[in-house]
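Per my numbering: the sequence shown = residues 230 to 483.
Backbone N, C-alpha and C fix where the C-beta goes; we use that ideal spot for every residue, glycine too.
Everything below concerns the one structure shown next.
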Amino acid sequence: MDGVSREIIEIVELEPIVGEDFIVIEGFPDVGLVGTIATSYLAEKLEMVEVGYVESDELPPIVSVRNGKILDLIRIYRKGNLMAFISEIPIPLTLIKPLSQKIIEWAISKKARMIVSLTGMPEPARLNIDIPKVYVLGSTKRVLEEALKVEGVEKFTDGYIAGIKGMIVKESFRRNFDALLVLSQAHFNYPDPGSAAQVLIYLSKLFSITLDVSPLLESAEELKLRLRDLMRRTAQAMQDVQKSRELELPAVYL
Numbered sequence: 230m231d232g233v234s235r236e237i238i239e240i241v242e243l244e245p246i247v248g249e250d251f252i253v254i255e256g257f258p259d260v261g262l263v264g265t266i267a268t269s270y271l272a273e274k275l276e277m278v279e280v281g282y283v284e285s286d287e288l289p290p291i292v293s294v295r296n297g298k299i300l301d302l303i304r305i306y307r308k309g310n311l312m313a314f315i316s317e318i319p320i321p322l323t324l325i326k327p328l329s330q331k332i333i334e335w336a337i338s339k340k341a342r343m344i345v346s347l348t349g350m351p352e353p354a355r356l357n358i359d360i361p362k363v364y365v366l367g368s369t370k371r372v373l374e375e376a377l378k379v380e381g382v383e384k385f386t387d388g389y390i391a392g393i394k395g396m397i398v399k400e401s402f403r404r405n406f407d408a409l410l411v412l413s414q415a416h417f418n419y420p421d422p423g424s425a426a427q428v429l430i431y432l433s434k435l436f437s438i439t440l441d442v443s444p445l446l447e448s449a450e451e452l453k454l455r456l457r458d459l460m461r462r463t464a465q466a467m468q469d470v471q472k473s474r475e476l477e478l479p480a481v482y483l
């Protein structure tokens, strides 16, 4: 698979990325777009700078345009030792395994401290929950112990993890590389800025980041409208992943 990942996917650095002890955060679209919303907000508020992108013939033949600027579909941003992968699209089924392996290979080559995946955990009663709970799952004992030091967070104990989040934590486990999955209770098929805010609050405590999430909560309704199309495409992509597994997932799944 390593050979395949190198053939169909390339991580391109706009300039050589120098440093070590990086915290690599990914927020690829999935449940409630929690990771997407959280990572995009983090990049904006910390004024992270674009430092690279993902190139692959397997990606859709489209580009993103913002304020007249052409952007790659999957981009990498950096501020200090924080790096973030942000995607404009749900990850195609054919790219999930090779992309997850490529990110881990790249993180290891950059002497990264860990990879952090941000996601939502489907909660049928989400409408009745004011403050979503945050859960964590670690690929190693050391990263899980560190993650659980934050007050109020709980360990994710049972369920399935599908898609690129699952592949990242599984491959990191096999390589004894630190990867942390951060989940927050969320709507399954609707953008959930409130859930994303709880993930960001957790990250700010874990990594001592100064971050105010009140603007995110204030713009929640606007975000829900703006992200409807991405949520629709992401929901379809998640269904494709489930079908490919040919299994019935439990009540808690990604």
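Here the stretch 418-429 lies against the stretch 258-267, with 3 or more beta-carbon pairs under 8 Å apart.
Taking a contact as a CB-CB distance under 8 Å, the pair residue 335 and residue 240 counts as one, their CB atoms being some 5 Å apart. Under the three-state reduction of DSSP, residue 350 is assigned to strand.
A direct Cα-Cα distance of roughly 12 Å separates residue 295 from residue 317. When C-beta atoms of the stretch 312-330 are compared with those of the stretch 270-286, three or more pairs fall below 8 Å, so the two segments count as touching. Shown here, residue 314 sits in a strand according to DSSP, grouped into three states. Between the C-alpha atoms of residue 262 and residue 460 there is a straight-line separation of about 7 Å.
Ranked by Cα distance from residue 467, the first of 250, 435, 372, 320 is 320.
Put simply, of 371, 354, 470 the residue whose alpha carbon is nearest the alpha carbon of residue 408 is 371. Pairing residue 246 with residue 339 gives a Cβ-Cβ distance under 8 Å. Around the beta-carbon of residue 447, fewer than 16 other beta-carbon atoms lie within 10 Å, marking it exposed. The beta carbon of residue 237 is closer than 7 Å to those of 285, 286, 287, 327 in its chain, skipping five residues each way along the sequence. In chain order, 280, 281 place their CB closer than 7 Å to the CB of residue 242, counting only its own chain and leaving out the 5 sequence neighbours on each side. Within the stretch 233-321, the complete beta strand (DSSP E) segments at least 3 residues long are 239-242, 252-255, 278-284, 293-295, 298-300, 303-308, 311-316, listed from N- to C-terminus. Looking from the CA of residue 417, the closest CA among 353, 347, 337 belongs to 353. In the DSSP assignment, residue 401 falls within the unbroken alpha helix (DSSP H) covering 392-404.
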